[in-house]
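Numbering (the numbering used here), first residue to last: 40 to 299.
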């Protein structure tokens, strides 16, 4: 675009110069004042021929186009600084091997207690009753009847003979023995179930349960089942002490389940 503009300006200057030169020549060729009869006299240069045309002026040299300014060299982009090398991570110290735990000494098996004879077990729970004096024999029948009422009703074979004090001691110890083997069912505890289940069972002198039944239920199947399982886990029951002469007894034992 700049080249065309410059060429257009030069052409205008050139034509304007030629036009101005032609105007100048026309003014010099005419006479200063009008002559006689309209004759015009022109004065030529000395020694020149009359009427010879004047030399044309030399054309002005065309102005040279201004040199275009050289484009400035674009600045070179500054070199990017080289990224510094990342420092190498220091090597982690190798973990020290954990000291192996010293082997625990194997626990020595505890010596099992020698089984005591039935008589010794019975003596442990029930001290041997003192021999019945002649004066107490007359009260034996009444004592037996009271013991029967305390245990919730005894069968005829329980009243066949023996020291009533020994019977009471045996039944008290038997209840404690059964209590050790009683467990409260977890599901019944979560459900807040409580009750009393009454068992009736027959036991011989050696502590073997010959038969048993659930006399009265607690109202909850979980508690009734636990009462039966308690009796099975507690077998064999403690043997009769020497103060009890009968061969077997029928007992009724209430098993209570109560949340504290």
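We put the beta carbon where it would ideally sit given N, CA and C, even for glycine.
| query | result |
| --- | --- |
| Where residue 129 sits in the DSSP three-state scheme | coil |
| Cβ-Cβ distance between residue 218 and residue 296 below 9 Å | no |
| DSSP three-state assignment for residue 251, whether helix, strand or coil | strand |
| Beta-carbon contacts of residue 229 that lie in its chain and below 7 Å, excluding the five residues immediately before and after | none |
| Local conformation of residue 291 per DSSP, three classes | strand |
| Closest residue to residue 25 among 107, 290, 117, 265 (Cα-Cα distance) | Residue 25 lies beyond the stretch modelled for the chain, which goes from 40 to 299, so this question has no answer here. |
| Own chain partners of residue 272 with C-beta closer than 6 Å, once the 5 adjacent residues on each side are dropped | 220 |
| Cβ pair residue 241, residue 269 closer than 9 Å | no |
| Own chain partners of residue 205 with C-beta closer than 6 Å, once the 5 adjacent residues on each side are dropped | 168, 280, 282, 283 |
| Buried or exposed by the 16-neighbour rule on C-beta atoms within 10 Å, applied to residue 275 | exposed |
| DSSP beta-bridge partners of residue 238 | 253, 292 |
| For residue 267, the first and last residue of its enclosing alpha helix (DSSP H) | 260-272 |
| C-alpha distance - residue 57 paired with residue 50, whole-angstrom precision | 11 Å |
| Cβ-Cβ distance between residue 238 and residue 291 below 9 Å | yes |
| Neighbourhood of residue 211 by C-beta distance below 7 Å, restricted to the same chain and skipping five residues each side | none |
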